[in-house]
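**Q** Heads up, the sequence shown is in my numbering, so the first residue is 6 and it goes up one at a time.
Please see the structure below; I have some questions.
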Amino acid sequence: MVSPRPTILDVARTAGVSSATVSRVINGAASVDKELSRRVRAAVRSTGYVPNAMGRSLRRGGTSQIAVVAPDAANPYFTQIISEVERIARGDHQSVTIAHTEDDLEIERECFAQLVGRHVSGVLLVPVHSTLTDLSPLTEAGIPVVLVDRWIEGANTDLVATDNLDAGRQAARHLHERGYRRPAVIGGPSQLRTTEDRVSGYLASWREAGIELDETAVLRGDLQLESGAALMAQILAEGDADCVYVTNNRMSAGAFEAMRGRDDAPALLATDDDLWTRLVTPSVSVVHQPVRATSRAAARMLGQRIANPDEEPSTTLLRSKIIERDSTQRGRRPRTDGSWTPRDAGHASS
Numbered sequence: 006m007v008s009p010r011p012t013i014l015d016v017a018r019t020a021g022v023s024s025a026t027v028s029r030v031i032n033g034a035a036s037v038d039k040e041l042s043r044r045v046r047a048a049v050r051s052t053g054y055v056p057n058a059m060g061r062s063l064r065r066g067g068t069s070q071i072a073v074v075a076p077d078a079a080n081p082y083f084t085q086i087i088s089e090v091e092r093i094a095r096g097d098h099q100s101v102t103i104a105h106t107e108d109d110l111e112i113e114r115e116c117f118a119q120l121v122g123r124h125v126s127g128v129l130l131v132p133v134h135s136t137l138t139d140l141s142p143l144t145e146a147g148i149p150v151v152l153v154d155r156w157i158e159g160a161n162t163d164l165v166a167t168d169n170l171d172a173g174r175q176a177a178r179h180l181h182e183r184g185y186r187r188p189a190v191i192g193g194p195s196q197l198r199t200t201e202d203r204v205s206g207y208l209a210s211w212r213e214a215g216i217e218l219d220e221t222a223v224l225r226g227d228l229q230l231e232s233g234a235a236l237m238a239q240i241l242a243e244g245d246a247d248c249v250y251v252t253n254n255r256m257s258a259g260a261f262e263a264m265r266g267r268d269d270a271p272a273l274l275a276t277d278d279d280l281w282t283r284l285v286t287p288s289v290s291v292v293h294q295p296v297r298a299t300s301r302a303a304a305r306m307l308g309q310r311i312a313n314p315d316e317e318p319s320t321t322l323l324r325s326k327i328i329e330r331d332s333t334q335r336g337r338r339p340r341t342d343g344s345w346t347p348r349d350a351g352h353a354s355s
């Protein structure tokens with residue numbers, strides 16, 4: 006039976022120091038105490054640990070390999086993040102490995118094992134689950150991780166994400182200021198903090214405006230197009246809501262498809278400025294996440310973490326913005342042929 010490959014954590018345990026100290030010694034940091042340095046080097050020899058040459062090459066100006074692990078290859082938000090990180094990496098003499106987990110924990114675990122085997126220098130990760138994702142295969146191998154877009158509860162690592170509570174509040178204020186008073190929201194699974202924070206901010210802002218919402222105003226989907234369509238069909242059948250905020254982009258597309266051409270359609274506020282939101286009729290108002298800024302901040306943070314593994318982790322939250330289009334304009338509604346007419350029938354438009 007083949008023995009498991011020694012990790013940086015094995016060296017740390019043998020030397021009686023932290024994995025960060027091991028990393029600093031291996032990468033030639035001059036600030037490490039001489040006795041600690043001697044113990045680490047002796048532990049490297051005794052365990053047979055092979056340092057990650059790719060990781061060291063980044064600090065020396067060579068080429069290294071980083072990884073981006075995302076849940077959905079078809080989601081435009083994540084493909085934009087990957088494209089932007091690849092562009093940044095080329096300028097920093099890095100290559101990029103891409104892995105998709107399909108929002109499946111088992112696939113995520115397999116991805117981590119493969120990345121350890123490839124000796125990547127660092128990982129930008131959109132985790133599958135806020136409590137069940139296990140980072141230990143990466144951290145025990147001394148691979149820095151920066152979380153992007155989603156949290157892991159209690160994880161002692163860097164994070165770059167949208168301020169989702171604020172995004173939900175902006176959505177509610179936008180709709181309230183345009184005169185809507187019967188809101189609904191299509192959220193994701195309750196355990197996914199990203200969409201749940203958007204729902205929470207949305208509900209809180211409506212309540213602050215004096216409009217109390219009961220649990221029937223919140224409908225939950227699975228982040229996919231089909232659930233957005235089904236939930237919007239339910240909202241249309243009930244006929245109560247005059248505006249709907251959808252908290253992720255795939256469900257937003259499904260919701261629009263279900264309401265397209267309906268004279269009784271509520272106002273729609275979608276998530277993410279995907280190409281379709283500008284091309285369809287009516288054009289769709291969106292809560293736009295700063296995807297390029299997120300990618301740049303995450304890539305920069307990973308580079309800092311690789312160079313300085315013992316720094317305290319940090320969190321960066323970026324602000325969304327509302328892009329207003331036809332779908333939330335008060336006093337307008339779509340005809341079945343896709344054109345626009347005033348919501349108040351019989352009154353001429355100005």
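Ideal placement from N, C-alpha and C gives every residue a C-beta, glycine not left out.
#1: Pick from Ile240, Leu230 and Ala303: whose alpha carbon is nearest that of threonine 4?
#2: Taking the beta carbon of threonine 221 as the centre, do at least 16 other beta carbons fall within 10 Å, making it buried, or is it exposed?
#3: Among Val49, Phe117, Pro271 and Arg92, which residue has its Cα nearest to the Cα of histidine 289?
#4: Among the residues of its own chain, which have a CB less than 6 angstroms from the CB of tryptophan 156, if the five just before and after it don't count?
#5: Looking only at its chain, what residues have a beta carbon closer than 7 angstroms to the beta carbon of glycine 233, apart from the 5 residues adjacent to it on each side?
#6: Nearest by alpha-carbon distance to tyrosine 207: which of Gln196, Asp168, Asp245 and Leu228 is it?
#7: In terms of DSSP beta bridges, what is leucine 273 paired with?
#8: Hey, how far is the Cα of leucine 110 from the Cα of leucine 130?
#9: If I follow the unbroken alpha helix (DSSP H) through aspartate 15, where does it start and stop?
#10: Helix, strand or coil for valine 27 per DSSP?
#11: To which residues of the same chain is threonine 102 closer than 8 angstroms at the C-beta, ignoring the five residues directly before and after it?
#12: On the three-state DSSP scale, how would you describe arginine 335?
#13: Identify the continuous beta strand (DSSP E) that holds alanine 104 and give its terminal residues.
#14: Between which two residues does the alpha helix (DSSP H) holding leucine 180 run?
#15: Determine contact between the stretch 85-94 and the stretch 288-303, defined as no fewer than three beta-carbon pairs at a distance below 8 angstroms.
**A** This is what the structure holds:
#1: Outside the modelled stretch of the chain, which goes from 6 to 355, sits residue 4, for which no answer is possible.
#2: It is exposed - the Cβ of threonine 221 has fewer than 16 other Cβ atoms within 10 Å.
#3: The sequence shown places valine at residue 289, not histidine. The shortest C-alpha separation from valine 289 is found at Pro271.
#4: Counting only Cβ-Cβ distances below 6 angstroms, and skipping sequence neighbours, we find Ser135 and Arg198.
#5: Excluding its 5 nearest sequence neighbours in each direction, glycine 233 has C-beta neighbours in its own chain below 7 angstroms: Ile191, Gly226, Val251, Arg255, Met256, Ser257, Ala258, Gly259 and Ala260, listed in chain order.
#6: Nearest in C-alpha terms to tyrosine 207, of all of Gln196, Asp168, Asp245 and Leu228, is Asp168.
#7: Beta-bridge pairing links leucine 273 to Val249.
#8: Cα to Cα, the separation comes out at about 13 angstroms.
#9: First-last of the alpha helix (DSSP H) with aspartate 15: 13-20.
#10: Helix.
#11: Contacts found: Gln70, Ile71, Ala72, Val73, Leu120, Arg123 and Val125.
#12: Of the three classes helix, strand and coil, the one that applies to arginine 335 here is coil, per DSSP.
#13: It spans 99-105 - the beta strand (DSSP E) in which alanine 104 sits, taken as one unbroken run.
#14: In the DSSP assignment, leucine 180 falls within the alpha helix (DSSP H) that extends over 169-182.
#15: These segments touch.
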